[in-house]
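Working notes, beginning with the structure itself.
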Amino acid sequence: MKKLFILFVNVICSEFKNMNLCCSQSLSNTCSSHYKCKAHMNSDIDNIVKSFTKFIKFNDKKYNSIEEYAYRLTIYSHNILKHSNKKLFINPFADWTKDEFQKYQKLYNKNIHKRTHKINNGPLPNSIDWRKHNIVANIKDQGLCGACWSFSTICSIESAIAILNKKPVVPLSEQNLIDCVKNDTTINDKCCLGCKGGMMDNAFDYIIKNQNGFVDTEDSYPYLGHDGNCKFSKKSSGPRIIDWVDIPSGDEYSLEDAVANVGPVSVTVDASDEWQFYSNGILIPQRFFGCSSRKANANHGVVIVGYGSENGFNYWIIRNSWGTNWGESGYLKLIRGRNACGIANSASYPIVEDK
């Protein structure tokens with residue numbers, strides 16, 4: 001245990017030096033053997049350990065050994081100090097490395113679909129929030145399963161059906177898609193691979209071709225958080241998907257039009273470390289180190305459920321699938337009008353009908 005503590009102190013003191021921070025008076029002797037403390041400080045080891053203890057309790061973290069605890073504490077400390085000058089939150093990913101976070105995000109190449117969105121005539125509303133219309137389901141948590149594509153697909157379908165029925169949303173099954181959507185054609189590979197990745201357009205395509213446009217409810221096919229055997233019920237009934245529509249790539253005005261006049265839209269993004277540590281407010285990516293707008297960098301599937309403006313900035317309202325402890329109770333506001341994080345590169349929504 002002593003060796004682990006010494007290792008932790010070495011790492012943290014190194015971070016203090018790199019970040020121009022100083023040790024607290026109580027720890028100045030420990031740190032001064034590595035670097036000379038300055039008269040003032042912004043953070044110290046005591047506060048980090050206390051913060052980590054709160055983080056563990058708040059996010060219900062469980063570590064299997066003292067070694068794992070020390071390892072996660074070190075990562076947590078590095079992340080805290082690295083992002084200390086930003087408006088970020090100690091959410092469930094604060095003890096993850098960058099590599100671990102990137103492995104959690106898995107998407108396939110987007111299929112090319114002929115049906116594209118046509119802009120409606122007339123002015124668009126200054127803001128819209130579909131959550132206020134009871135057609136967006138409560139925030140869900142994909143856990144350690146890399147099935148963001150399934151959560152994005154299901155959310156846009158749930159909302160489309162709720163809008164059609166003019167009734168509150170009925171939660172549908174992400175697990176149905178994780179277990180069943182296989183061998184659909186993409187540009188390079190067959191899609192999808194459950195918790196190892198997928199794509200929303202392929203899920204739409206599979207549901208239409210192989211499930212007659214239906215998806216099981218969440219109650220009948222609950223979420224497991226890992227791959228399973230396909231158990232789709234052919235007895236499903238009610239509204240079904242008959243097609244899907246792609247937004248012209250990079251066209252944020254068409255995307256805004258679709259969100260305002262159709263409903264929630266599935267999109268892909270580059271969810272960088274700014275997403276990993278996002279807390280609240282409007283996320284404006286850093287110029288050189290923030291998320292990328294390049295289509296090839298997309299690694300996460302989410303849903304746009306509205307848009308608005310705040311303090312002179314336009315933003316998208318994005319529904320994520322990382323639980324309510326992340327962001328603004330599971331949501332993120334992303335700057336609108338800059339194709340930030342590639343938000344408009346691969347956007348689509350389902351067409352549903354009642355038969």
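Just so we're aligned: the sequence shown equals residues 1 to 355 in full-length UniProt numbering. Idealized CB from N, CA, C, for every residue including glycine. In this text the structure is predicted, and so the values were computed from the model without any measurement.
Worksheet item: Buried or exposed: where does I66 fall if 16 or more other Cβ atoms within 10 Å of its Cβ makes it buried?
Response: Translated into positions along the sequence shown, residue 66 becomes position 66. Exposed is the call here.
Worksheet item: Helix, strand or coil for Y76 per DSSP?
Response: Residue 76 sits at position 76 when you count from the first residue of the sequence shown. Note: Y76 maps to helix in three-state DSSP.
Worksheet item: Comparing alpha-carbon positions, which option in K50, F288, Y331 and C148 lies nearest G306?
Response: The residue labelled residue 306 in the question sits at position 306 within the sequence shown. When each option's Cα is compared against that of G306, the closest is Y331.
Worksheet item: Would DSSP call K50 helix, strand or coil?
Response: Residue numbering aside, residue 50 sits at position 50 when the sequence shown is read from its first letter. In this structure, K50 counts as helix in the three-state DSSP scheme.
Worksheet item: Buried or exposed: which applies to R115, given that a residue is buried once 16 or more other Cβ atoms fall within 10 Å of its Cβ?
Response: Residue mapping note: residue 115 aligns to position 115 of the sequence shown, counting from 1. Result: exposed.
Worksheet entry | K333 - containing beta strand (DSSP E), residue span | Mapped onto the sequence shown, residue 333 falls at position 333. Segment Y331 to I335, the beta strand (DSSP E) holding K333.
Worksheet item: What's the C-alpha gap between residue 361 and D46?
Response: Beyond the ends of the chain as shown, which are 1 and 355, falls residue 361; an answer cannot be given.
Practice prompt. Give a yes or no on contact between the stretch 135–146 and the stretch 276–288, applying the rule of three or more CB pairs nearer than 8 angstroms.
Written response: no
Discussion item. Out of K57, D141, N120 and A347, which one is the CA nearest neighbour of S249?
Written reply: Here residue 249 is taken as the residue at index 249 of the sequence shown, counted from 1. Nearest of K57, D141, N120 and A347 to S249, Cα basis: A347.
Item to complete: Put F289 into one of helix, strand or coil per three-state DSSP.
Response: Here residue 289 corresponds to residue number 289 of the sequence shown, with the count starting at 1. Coil at F289, not helix or strand.
Worksheet item: Nearest CA to the CA of residue 431: which residue from K118, P123 and K235?
Response: Outside the shown range of the chain, which is 1 to 355, sits residue 431, and nothing can be said about it.
Fill in: Proximal residues to G342 (C-beta, below 8 angstroms), its chain only, five neighbours per side dropped
Position 342 of the sequence shown, counted from the start, is the residue given in the question as residue 342. Apart from the 5 residues on each side of it in sequence, G342 sits with its Cβ closer than 8 angstroms to the Cβ of T268, V269, D270, C291, S292, S293, R294, K295, N297 and A298 in its chain, given in chain order.
Practice prompt. Could you please give me the residues that DSSP links to T116 through a beta bridge?
Written response: Residue mapping note: residue 116 aligns to position 116 of the sequence shown, counting from 1. Per DSSP, D246.
Worksheet item: Can you check whether the CB of Y315 is closer than 8 angstroms to the CB of K333?
Response: Numbered from 1 along the sequence shown, position 333 holds the residue referred to as residue 333. Numbered from 1 along the sequence shown, position 315 holds the residue referred to as residue 315. Yes. Within cutoff.
Item to complete: Go ahead and pull the three-state DSSP assignment for H40.
Response: Counted from its first residue, the sequence shown places residue 40 at position 40. Because the pLDDT of H40 is 37, which lies under 50, any placement of that residue in the model is unreliable, and the number read from its coordinates should be weighed accordingly. In the structure shown, H40 sits in coil (DSSP, three-state: anything other than H, G, I, E or B).
Worksheet entry | Q232 versus N120 - alpha carbon distance | Position 232 of the sequence shown, counted from the first residue, corresponds to residue 232. Position 120 of the sequence shown, counted from the first residue, corresponds to residue 120. Per the sequence shown, residue 232 should be read as Phe rather than Gln. Between F232 and N120, the C-alpha separation is close to 36 angstroms.
Worksheet item: Looking only at C-alpha atoms, which of C145, R336, N212 and G301 sits nearest to V352?
Response: One-based indexing of the sequence shown puts residue 352 at position 352. Measuring from the Cα of V352, the nearest candidate turns out to be N212.
Item to complete: Taking only the alpha-carbon atoms, compute the straight-line gap between I241 and F204 and give it to the nearest angstrom.
Response: Here residue 241 corresponds to residue number 241 of the sequence shown, with the count starting at 1. Here residue 204 corresponds to residue number 204 of the sequence shown, with the count starting at 1. Here the C-alpha atom of I241 lies approximately 8 angstroms from the C-alpha atom of F204.
Discussion item. For P239, count the other beta carbons within 10 Å of its own beta carbon; 16 or more makes it buried, fewer makes it exposed. Which is it?
Written reply: Here residue 239 is taken as the residue at index 239 of the sequence shown, counted from 1. Around the beta-carbon of P239, 16 or more other beta-carbon atoms lie within 10 Å, marking it buried.
Worksheet item: With DSSP run on the structure shown, which of helix, strand or coil describes H226?
Response: On the sequence shown, residue 226 is found 226 positions in, with the first residue counted as 1. If DSSP states are grouped into helix, strand and coil, H226 belongs with coil.
Discussion item. Can you look up I343 in the DSSP assignment and give me helix, strand or coil?
Written reply: As a working mapping, residue 343 is identified with position 343 in the sequence shown. In this structure, I343 counts as coil in the three-state DSSP scheme.
Discussion item. Can you list, in chain order, the residues of its chain with a C-beta nearer than 7 angstroms to that of S218? Leave out the 5 residues immediately preceding and following it.
Written reply: Numbered from 1 along the sequence shown, position 218 holds the residue referred to as residue 218. Residue identity differs from the one stated: residue 218 is Glu in this sequence, not Ser. Counting only Cβ-Cβ distances below 7 angstroms, and skipping sequence neighbours, we find P171, L172 and S173.
Worksheet item: CA-CA distance, L164 and E158?
Response: Here residue 164 corresponds to residue number 164 of the sequence shown, with the count starting at 1. Here residue 158 corresponds to residue number 158 of the sequence shown, with the count starting at 1. Their backbone Cα atoms lie some 10 angstroms apart in a straight line.
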